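Positions 654 to 1112 (our numbering) are the ones given, in order, by the sequence shown.
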Amino acid sequence: MRAYKSKVVSPIRLPDRDEREDQLEQAGYNVFNLDSDAVFVDLLTDSGTGTMSESQWAAMMSGDEAYAGSESFERLEESVADVMGFERILPAHQGRGAENVLYGSLVEDGDYVPNNTHFDTTRAHITNNGAEPVDCPHEDALAGDREFAGDIDVEQVRELADEVGAENVPAVLLTLTNNSLAGQPVSVENVRAAREVADELDATFVIDACRFAENAYFVREREDGFSDQSVAEVAREQLSYADALVMSGKKDGLVNVGGFVALRDDPELDNLHAKARERAILYEGFTTYGGMAGRDLEAMAVGLREAVEESYIADRVGQVQRLGDMLAERDVPVQRPTGGHAVYVNAAEFLPEIPASQFPGQALVCELYREGAVRGVELGSFAFPDTDRPELVRLSLPRRTYGTDHLEHVAETFERVAERRDHGDVSGLEITEEPEMAELRHFSAELRPVETAETPSAD
């Protein structure tokens, strides 16, 4: 049973079949290009798409919109210190703004940056600053027998440093939870191991903390030594080993916009803080608003505290697990155990007749929209070209937004796609137009079904 009740509702509609077909074609078979009013259940992302609480809305009314010295910034600062244990923050308009501020201050040409698995914007920011992002997950991470499949393989990090030189590894990154690897959690033991290898390399240890509360919940439920602690206590423990945090408040900040960089109050980090502060002013705004209105600072200050409340986080993770169970009961190949924010489907297994060169994940995303106006996102070879990623489709649940009937509609949509698949009616896709920056391809590229491609001329 949900741990909240609805006060405000937003109407949604299910477009008819002809409209869905037309929308899909006009969007170039890329669901990022769909109009939101043509989507019935939107699982594209959990970033900024959730429902805020009455306390957050009330807090927004007291937003201090001062350019400098905002009281709203001070309240966010207090929340970050209390909930996450960091006293120095630089606000940004969202997570990728925070990535630009930190990684633009931390990495340069010729550097290598290991992570458990880089997500799209993280990879793009590191590449854009001349460095090489390197994924270091455990080889058997998605085999299904790891409770903390999101862990970083620290031996791979050491091997990378031996190969390129420790002086060329300025940072070790760890993403909680591991979004690109099926939303799987990271253990505190692994966080400590990552801290150790960062110290060995004299590297800055950075945690991408956008889903820190969900990760803390899994630690409390699964890792020895934490069962008697609150989620709030685990959250502070797992973050305490980092030098710096990158945070998208649009996830576990429970807001629709905003983010920040946080650094430990350590003299050794003063130079990095100074560089990041200058970059934040240049790209985001003054350091006491950073691209956010005062009302948004207020909403995040409340949201961070709500994110570690026991009733909220149990309901949040439980809903994702219920969707995973519904799909598994229908023989949909979902990654088990499910993650904290999304269910991940193995599209290569679900659509075995479509080769990787024809993007089975993107084909499945399009079929989900065609059959039920459900919008998910591909996180396989289309989103991550030239990487060895599994062909996954992510179904991200917005926080405090959908109910069980919406989840049932998603499960029934998969059943209809499976029927089309079994009749040979699902085709692969090919790219017709794509941006120059490959790391951001899935946001704007356009495709078409392979079966409608023109036959090359004999000439």
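Ideal Cβ positions, reconstructed from N, Cα and C, are used throughout, including at glycine. Predicted, not measured: the structure shown is a model, and the values here were computed from it.
query: Taking all protein chains shown into account, do 16 or more other C-beta atoms lie within 10 angstroms of the C-beta of Asp1075, making it buried, or fewer, making it exposed?; result: exposed
query: For Asp978, which three-state DSSP category applies?; result: helix
query: Distance check for Thr770 and Leu834, CA to CA, integer angstroms please.; result: 7 Å
query: Quick one: measure Cβ to Cβ for Arg958 and Ser732, integer angstroms, because I've assumed they're closer than 8 Å.; result: 6 Å
query: DSSP has Pro1102 in a bridge; who is on the other side?; result: Leu1082
query: Report the three-state DSSP secondary structure of Pro920 (helix, strand or coil).; result: helix
query: If you compare alpha carbons, which of Cys789, Asp793, Leu827, Gly797 is closest to Leu813?; result: Cys789
query: Determine the closest residue to Val908 out of Val872, Ser880, Val887, Val955, with distance taken between C-alpha atoms.; result: Val955
query: Taking the C-alpha atoms as reference points, what is the distance between Thr775 and Arg864?; result: 15 Å
query: Taking Glu886 as the reference, give the member of Ala897, Ala895, Tyr870 with the closest Cα.; result: Tyr870
query: Flag this pair as yes or no: are the beta carbons of Val1103 and Ser1080 separated by less than 8 Å?; result: yes
query: DSSP three-state label for Phe739, please.; result: coil
query: Quick one: give me the first and last residue of the beta strand (DSSP E) that Glu1049 is part of.; result: It should be noted that the sequence gives Ser, not Glu, for residue 1049. Looking at the DSSP string, the run of the beta strand (DSSP E) that includes Ser1049 is 1045-1049.
query: How about Thr830 and Asn868: are their beta carbons less than 8 Å apart?; result: yes
query: Would Asn753 be called buried (16 or more neighbouring beta carbons within 10 Å of its own) or exposed?; result: buried
query: Please confirm whether Ala745 and Phe913 have their CB atoms less than 8 Å apart.; result: yes
query: Give a yes or no on whether 8 Å exceeds the smallest Cβ distance from Glu730 to chain C.; result: As a matter of chain content, chain C is missing from the structure shown, which is built from one protein chain.
query: Just to confirm, does Glu1002 get its C-beta within under 7 Å of one of the non-hydrogen atoms of the ligand SAH?; result: The ligand SAH is not part of the structure shown, which contains no ligands of any sort.
query: Using the beta-carbon count (16 or more within 10 Å), is Tyr1022 buried or exposed?; result: buried
query: Are the CB atoms of Ala866 and Val884 nearer to each other than 8 Å?; result: yes
query: If we require 3 or more residues per run, which beta strand (DSSP E) segments fall completely within the stretch 771-858?; result: 785-788, 824-828
query: I need the DSSP call for Leu907, collapsed to helix, strand or coil.; result: coil
query: So, are the CB atoms of Asp717 and Ser725 less than 8 Å apart?; result: yes
query: Per DSSP, which residues does Val998 bridge with? Please list them.; result: Val987, Val1046
query: Classify Ala1111: buried if its beta carbon has 16 or more other beta carbons within 10 angstroms, exposed otherwise.; result: Only weak support is given to the placement of Ala1111: the predicted model assigns it a pLDDT of 43, under 50, and the value that follows is read from those uncertain coordinates. Result: exposed.
query: Name the one or two DSSP bridge partners that Ser901 has.; result: Gly912
query: From the DSSP output, in three-state form, read off Asp766 for me.; result: The question names Asp, but residue 766 is Val in the sequence shown. Three-state result, Val766: strand.
query: Considering only residues of the same chain and omitting the five flanking positions on each side of Asn999, which have a CB-CB separation below 6 Å?; result: Pro986
query: Tell me whether Pro1109 sits in a helix, a strand or coil according to DSSP, three-state version.; result: The predicted model places Pro1109 with a pLDDT of 45, which falls under 50 and marks its position as unreliable; any figure quoted below should be read in that light. DSSP places Pro1109 in coil when its eight states are reduced to three.
query: Using DSSP's beta-bridge definition, name the partner residues of Ala1091.; result: According to DSSP, Ala1091 bridges with nothing at all.
query: Which one of Ala862, Phe858, Met705 has the shortest CA to CA distance from Met737?; result: Ala862
query: Identify every residue that forms a DSSP beta bridge with Ile860.; result: Leu827, Leu898
query: Taking only the alpha-carbon atoms, compute the straight-line gap between Leu976 and Arg989 and give it to the nearest angstrom.; result: 12 Å
query: Pull up the DSSP beta-bridge partners for Val1030, would you.; result: Arg1047
query: For Glu1115, tell me which candidate among Glu842, Gly818, Leu697 has the shortest Cα-Cα distance.; result: Since the displayed the chain opens at 654 and closes at 1112, residue 1115 lies outside it and no answer follows.
query: Run through the DSSP bridge pairs and tell me what Asp695 is partnered with.; result: Arg1028
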